[in-house]
Structures are given as structure tokens and as C-alpha cells.
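Participant: Letter by letter, the sequence shown follows residues 7 to 728 of the working numbering.
Where is the CB? At the ideal position from N, CA and C, for every residue including glycine.
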Amino acid sequence: ADLSKNEPQIRADECEALEKGFYAQPKDPYNSFRRLAEFIEAMGRKWQPVNFMCPVSAIVQSSGVGKSRSIKELANNKFVIHLCLRGKSDGFPLRSFKIADLILKEPETDYPRYEALSRFVAYICACYEELVGFLNKVKGEEMESIFHKWYHQQITTDETDDRRLGGKTFWGRISDRMLAIQKEFLAPIGSSSDSAFAKSLKTKINGVIKKLEEQLEMFHYLREGDVSIIFAIDEARSLTVPNERLGSNSLYHYFRVASATIPGYDLNMKVNTFVLLLDTVSKIANFLPPSVSDPSFRYVTKSTNLYPPYWTIDLWDVLSTPPNVHLIIDVHQRKVDVNLLDDEAQRTAVFRAVTSAKCKLMGGVNFEDNIQHNPREIIIRQNMVALWCVRVSLLVKPQGELAKPLVAEAAARIINHHKIKFEETIEPLLGFIREGIVEPGPKGELTVRILLTLAWDHAIHQVQKHLPEFIYTYPLTVRQYLTALMSDVSYLEGQINSDSMELLLSGIVFFTHFIVVAQSITKEDLRHFFCRGAAFQCQRGQSAIDHGIPVLLPNGKFTCILIQTRNYSGSDPNVMFASLVITPQTAGLDMNPDWPYLVLYFTLGYKNGMIKNLKVVHDTTSDKAKKTKRQEMLSKSLANEDAEVAKSRLDKQIIVGLFGITPDVFPFLNTSEEAELLKKLSKAWTDPMSFAKEDEKEVIKRMMPLVWRDKRMKKDECEEDL
7 ADLSKNEPQI
17 RADECEALEK
27 GFYAQPKDPY
37 NSFRRLAEFI
47 EAMGRKWQPV
57 NFMCPVSAIV
67 QSSGVGKSRS
77 IKELANNKFV
87 IHLCLRGKSD
97 GFPLRSFKIA
107 DLILKEPETD
117 YPRYEALSRF
127 VAYICACYEE
137 LVGFLNKVKG
147 EEMESIFHKW
157 YHQQITTDET
167 DDRRLGGKTF
177 WGRISDRMLA
187 IQKEFLAPIG
197 SSSDSAFAKS
207 LKTKINGVIK
217 KLEEQLEMFH
227 YLREGDVSII
237 FAIDEARSLT
247 VPNERLGSNS
257 LYHYFRVASA
267 TIPGYDLNMK
277 VNTFVLLLDT
287 VSKIANFLPP
297 SVSDPSFRYV
307 TKSTNLYPPY
317 WTIDLWDVLS
327 TPPNVHLIID
337 VHQRKVDVNL
347 LDDEAQRTAV
357 FRAVTSAKCK
367 LMGGVNFEDN
377 IQHNPREIII
387 RQNMVALWCV
397 RVSLLVKPQG
407 ELAKPLVAEA
417 AARIINHHKI
427 KFEETIEPLL
437 GFIREGIVEP
447 GPKGELTVRI
457 LLTLAWDHAI
467 HQVQKHLPEF
477 IYTYPLTVRQ
487 YLTALMSDVS
497 YLEGQINSDS
507 MELLLSGIVF
517 FTHFIVVAQS
527 ITKEDLRHFF
537 CRGAAFQCQR
547 GQSAIDHGIP
557 VLLPNGKFTC
567 ILIQTRNYSG
577 SDPNVMFASL
587 VITPQTAGLD
597 MNPDWPYLVL
607 YFTLGYKNGM
617 IKNLKVVHDT
627 TSDKAKKTKR
637 QEMLSKSLAN
647 EDAEVAKSRL
657 DKQIIVGLFG
667 ITPDVFPFLN
677 TSEEAELLKK
687 LSKAWTDPMS
697 FAKEDEKEVI
707 KRMMPLVWRD
717 KRMKKDECEE
727 DL
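(1) With burial defined as no fewer than 16 other Cβ atoms inside 10 Å of the residue's Cβ, what is the status of residue 326: buried or exposed?
(2) By how many angstroms is the C-alpha of residue 575 removed from the C-alpha of residue 725?
(3) May I ask you to verify whether the stretch 526-540 touches the stretch 455-468, counting CB pairs closer than 8 Å and requiring at least 3?
(4) If residue 397 and residue 690 are in contact, beta carbons under 8 Å, what's the gap, nearest whole angstrom?
(5) Given residue 159, which residues of its chain have a CB within under 8 Å of its CB, disregarding the five upstream and five downstream residues?
(6) Quick check: the Cα distance between residue 456 and residue 552, rounded to an integer number of angstroms?
(7) In whole angstroms, what is the alpha-carbon distance linking residue 617 and residue 676?
(8) To test your reading of the DSSP string, which unbroken beta strand (DSSP E) runs of 3 or more residues are found completely within the stretch 648-694?
(9) For the putative contact between residue 608 and residue 495, defined by C-beta atoms under 8 Å, what is the C-beta separation to the nearest angstrom?
(10) Just to confirm my understanding: we take residue 86, look at its own chain, exclude 5 residues before and 5 after, and list those with CB closer than 7 Å. What are they?
(11) Using three-state DSSP, classify residue 242 as helix, strand or coil.
(12) Out of 63, 316 and 257, which one is the CA nearest neighbour of residue 41?
(13) By DSSP, does residue 412 sit in helix, in strand, or in coil?
(14) Return the chain-ordered list of same chain residues with a C-beta closer than 8 Å to the C-beta of residue 231, the five sequence neighbours on each side being excluded.
(15) In or out: residue 224 buried (at least 16 other Cβ within 10 Å) or exposed?
(16) Strictly by DSSP, which residues pair up with residue 553?
(17) Determine the burial state of residue 247: buried for a count of at least 16 other Cβ atoms within 10 Å of its Cβ, exposed for fewer.
(18) Pull up the distance between the alpha-carbon of residue 145 and that of residue 131, whole angstroms please.
(19) Can you tell me which of the three DSSP states residue 101 falls into?
(20) Report all residues from its chain with a CB closer than 7 Å to the CB of residue 263; omit the five preceding and five following residues, and keep chain order.
(21) Judging by CA-CA distance, which residue of 234, 161 and 109 is the nearest neighbour of residue 47?
(22) Exposed or buried, what is residue 229 when buried is set at 16 or more other beta-carbons lying within 10 Å of its beta-carbon?
(23) Tell me which residues share the same chain as residue 310 and place their Cβ nearer than 6 Å to its Cβ, disregarding the 5 neighbours each side in the sequence.
(24) Grouping DSSP H, G and I as helix and E and B as strand, with all else coil, what is residue 133?
(25) Is the stretch 592-608 touching the stretch 469-478, taking contact as three or more C-beta pairs under 8 Å?
(26) State buried or exposed for residue 257, treating a residue as buried only when at least 16 other CB atoms are found within 10 Å of its CB.
(27) What is the DSSP secondary structure of residue 487, counted as helix, strand or coil?
(28) Taking the alpha helix (DSSP H) that residue 211 belongs to, which residues open and close that run?
(29) Using three-state DSSP, classify residue 142 as helix, strand or coil.
(30) Ordered along the chain, which non-local residues of its own chain (more than five positions away) have a Cβ less than 7 Å from that of residue 678?
(31) So is residue 783 buried or exposed if we call it buried at 16+ other beta carbons inside 10 Å?
(32) Please return the same chain residues whose Cβ sits closer than 6 Å to the Cβ of residue 452, not counting the five positions on each side in sequence.
(33) For residue 521, list the residues DSSP reports as bridge partners.
(34) Please go through the same chain and pick out, in chain order, the residues whose beta-carbon is closer than 7 Å to the beta-carbon of residue 118, but skip the five residues on each side of it.
(35) Mapping the DSSP letters down to three states, classify residue 64 as helix, strand or coil.
(36) Give the secondary structure of residue 182 by DSSP, where H, G and I count as helix, E and B as strand, and everything else as coil.
Shown next as C-alpha cells:
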């Protein structure tokens, strides 16, 4: 279906704000730009026609994420040719002057295949020739200035009053060069063979590259082998539109064939070239690994030897410092993405921003219209995976990034839409894990992050019953959150004195999503996570805790909810040591030992759900020898415990064990079917047979992991309960 008519429209003032943001100095605390540059370098060094179809990859993500802005950042130290095929004035950069029409027009000659292929080779050659001429003019200038001039002329709007087109002079020259070169290619068409035509294309591109190589050698700025030229095409879905004259193929097919004429890495180390295609997930799904990753897949590739896409879920955080803590508590909503707008427009701007983000998370589809038309629309179901990636910090192969509060708010509103069922949000994620598209890390930890997030949403619904629309970026007390998380909070009682208990339960928690952090966390980090509206996930390999939720106490100080996850289906040998080993000190948290803190200890595999006070030692094994050995280990550990740590633990620690995934433990799970789905998620594994080639399957069948899996499944059938 044509969904373009339902895309959210951007006003003129918003376009101006986008342009300002495009030129603004970005904040990139997570080194997203550097990681993209490293990805391109790695892929560029692998380009060989015998290994890949063409030197093309894609940056795929929803609108407004920062794809185009990342290309501008690459242009700081590489020669980038940034072609924009945007259909209308709904973003920045603007549609490229004249050249966009030439690239996308239908073939006009009697040889449409030759014309389409020669068009793209001529475009590549024209850009190379333009760069040769440009370098001749800027000899002696600083490289920083050279890169800036080269890129700026492509996107400038200063040369024309037409606010729908950019780079008039630059793209005008490219267009003229391209037409002249294509005319050379097409002149002998009637009398030449396919092989002669292909040879003429390669001869031309090799000759142009030789001239460019001579120019680049004079500048000595690149190490041999580095990617020096990047062709970027914005709004690349335009190339996949069916073309009647080209039959079953589209312009995109001929673009890929044309890009394959670029010499391989070993022959082209000094003019190493790579191509990036930019667009939204749903609209260039042909650049994603298998078609199942997006059911709007509509272009069947003719080879599996394609570069992987670069998937980014970042939005650049434009705030230089976290907002004041009290601003969140008073206003109940963080100021995000409205710094370019007037103060009085803040509430309207936030509403528009969230609404726009909801549509963008659906790949440009108008979410509200679509969900009203068909609540089980397949595009929405599959995009649920992206929503969980935002909220629980999942990695999507081959790259993964952190979420931003605004996007998390939009994702929460979609996940909790009254027409979307719980299973429609979890089943696609389960499928992606099994097929190896999503790299979730430990499945138990993933399940706990989802449980904690669902509990947050449930608490918001309880607190905001009077509001016309739920706002998930909203502070809750620890008491409100725990009441929504667990069916019985009485297990907290009696562990510490009543004043400290009340101090903690009256504290504020504030999160809509998880971010990944380093092991060592300071008080200032806790404050920053809180202001960002984020809980945190520790890096893999951290033994003391898996996750944490910052808590702002009534006295203005910060403490934390520490979370540890186990996936035992029977007797958990770590339960009796939980209180001893899960402390701020062992977790590497720079926290004041005078403030109370809470530990949530999840053991997911038990069939029968229950909640336990773990300040009292529990040894659930029936094996007397094991019980004696564990008791000896516990006594030894207690004897060696630091006195100050021991005092803080006894006086300030509250620790609760949550066993099993059942509605008896988690009241927000409405049915046993929902609980069963999360149990499956906690034990999900990637089936290598689902994406292995035929000649690999026999080898995989003999691999030990499958034997281990069979044993694991049998063990689960006879698990030992409490």
C-alpha cells in the first residue's frame, strides 16, 4: 500500500529548526560518529568483487534519528558526495538541485537497461572529475578548510530562493558532466555488444580514478587503504520505485551494478571508495539482512553477498548538561528537543515531537491512522522489535546504540496502545532472537529489563487514571513503583529501621528506558541517569549487579535499586549469599553508605512463583552435603566481611527475592499466557539452522551446542522447585 500520504508533514518553521540543528555542534557522548567511521573503514577494506556484489551498505533507521547529520560529520575528514533524493521539502538537506531529477527519471532511449546503467556510472565518474577540478583549485589550503568547502557547496541553500532545492552550482556542474559522459557511453550502443559496453564503462571509471589518485597523492592526508571517498544517497527508497521501462528491475538494481565497477580494495587503495544508502527501515527494507526483519520488504535481491546494514538507534543528545532535578519533579516532563522553539510553545512542541516520533518509529507511517485501520497491521507488529530495542537497550546486528528519552516516551505510548496486544509486542522480538537478527545478551537479563519496564508502565497507568493520555516520562515514588512491580511488598518490612525504610519508599524513581554503562558509577552518574529518565544496564561480565535504577531521596541525595538476575530452574545456590555479595561497594557504585538501598534478586526459572525476604538466609537444596558446604562458605565470607560494609549492609540494605515469572509475583501480568511468553523469552536461543547455507547444515547438526540444548530441555522438564 502507498503509505506516503499518511506520512507526518513538517511545517516551514520546523524545517528551519532542522536546518539549524543540522549545522549545530553535536553532542556525541557515546562516540556514535566514531563507530560509524570505523564501520565504513572496515567494510571498505573488504571490498572485492569476488566477495561482495558491490561496495554498498545502508544506514537504516526511522526519520529524524540523525542519519544525514552523521554523513556531515564524516565529511570532516573524508570527501563525501551527499546526494539527496528527497521528494518534497520535509527535511534537511534539501533535494539536490537538478541532479535528483536526472537520476530518477525514466529511461528515454530504445535501450533502457544500457541507459540506466550508464547513468549511474556517469554519475560516479562526474563526481570523481569534479573532485579532481576542485583539488586543483585548493592547493595549499588547510585540509579542514578543503573538506568544509567540498561538502558545504553540496547542501547550501544560499544560491537560490527555491527552498526545496540545495547545492545549485555544485549539482549543476555534476549534472552537465554526467550528461556529457553518458552521451559518450550511449553513442555506439546500436552497434556494440554487452561485453564491449561493459568494457567502456570500466575503462572510463578506471581512467578517472587514475587522475584522482594523482591529485590525492599531493595532499598526503590519507593513509593508503583508508576510505577516502564516500558516496551517500539520502532518501534512497526512491531508487526502488518500480519502473515500467525497466521491467522487473528497478533503478536500484542498476545503481548496484554500476557501483560494482568501482575497482576492488587491492586495486584502488588510494581512492578507496564506499557507498552509503540512507532511509527509513520500512522503506528500504531490502537493505536489511533477511526479509523477515521487515514485512514491507519489496525488493528481492539476486545475491546474498551484500554488506550488512549499519543500524543506529541513537538520537544525538543536544543538551550540554542534564536539566535540573527539580525541573523534572515540578514539571513532570523533561525538556527535550524544544530548545529551538519559544518557551511558551513548549507543551505543544513536546506533544508534536512525541507524535512525530511515534510515526517515525513506525518507519514514516502515520501510526494513529494505521492502528485505527488495522490493529494487527504487520508493519506495526514487526516494528515492535525496534520499540523494545529503544526501551531495553537491545543490540541489533551489526551495530546497536542507546535510546533517547523522547524516543522512549514515543515507544512506550505505542507499546501500551489499547489496540495493541501484549503478544504482538513480544512475539516478534522472540522471533528475531531465534533467527539471530537481535543480539540480546543473557536472555534472563533481557526478560528482567522487560519486566521492570512493564511494571513502570503499569504504575503509570495506576497513578495517571485521571489523565486523558498517559505520560510515561513522569516521576513515581519508590512505593508506587514497587506496588506495581510485586504482588506483596510486605517482604520489605522489618529489614531496616522504619525511618530509613520510609526515606527510601518516599524516594523518586524516574525511568522509561535502559542504557548501557561502564562498571564504575559515580554519584554524578546516578544524577545524570535520573535526569535522562534512564535506568542502567551494566556491561557484560559485571558480577555484582546486572542493572540499577537511580533513586532520588527526599533529602536530595541519590541512592539506587540494585538488580541481580539468575535463570535457575531449580535450587539457586546463590540465594543464601545474595545479601552478602550485592552491595554498592561490590557493585562499584560511589554511593554514600548512610543512605538506604534496595536489592531485587530475580530467579526466573522456578515454576511456582513466590517472593522472599533474602535478608534471612535461605538454602533451598535438599542435599545435606551441599547445604553444609554452603553454610561453611557463608560463615567464612561473613567473617572476612569489612566491618564498615557489614554495618551498612545490615542497617541500610533491603533485599527481596522474586522467584518465577507468574501473575502471583508480578501483578501486571494479566494472564498465565503472558507469563508463559516471557518464560519462553528468558530461555530463547538462536537456531543456527534458520540462516545457515545448505552445505553448512550437516556440520551444524554435529555441533555440541545442539546436544547441550537437548540436555538442557530435558533438565527443565524435571526441575526442582522450592
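Facilitator: This is what the structure holds:
(1) Residue placement at residue 326 cannot be trusted, given a pLDDT of 26 that sits under 50; the coordinates are not used to answer.
(2) Model confidence at residue 725 stands at a pLDDT of 34, short of 50, so the residue's coordinates are unreliable and nothing is read from them.
(3) no
(4) Contact doesn't hold; Cβ gap of about 18 Å is too wide.
(5) 173, 175 and 176
(6) 13 Å
(7) 18 Å
(8) 659-665
(9) With 8 Å as the limit, residue 608 and residue 495 do not qualify as a contact, their Cβ atoms being about 16 Å apart.
(10) 77, 80, 157, 236 and 238
(11) helix
(12) 316
(13) helix
(14) 51, 271, 275 and 278
(15) exposed
(16) 543 and 569
(17) exposed
(18) 22 Å
(19) strand
(20) 123
(21) 234
(22) exposed
(23) For residue 310, the predicted model reports a pLDDT of 46, less than 50, meaning its position is unreliable; a value from the coordinates is still stated below. So the list is empty, once near-sequence residues are dropped.
(24) helix
(25) no
(26) buried
(27) helix
(28) 200-223
(29) helix
(30) 669
(31) Any question about residue 783 goes unanswered here, given that the chain covers just 7 to 728.
(32) 446
(33) 542
(34) 251 and 252
(35) strand
(36) helix
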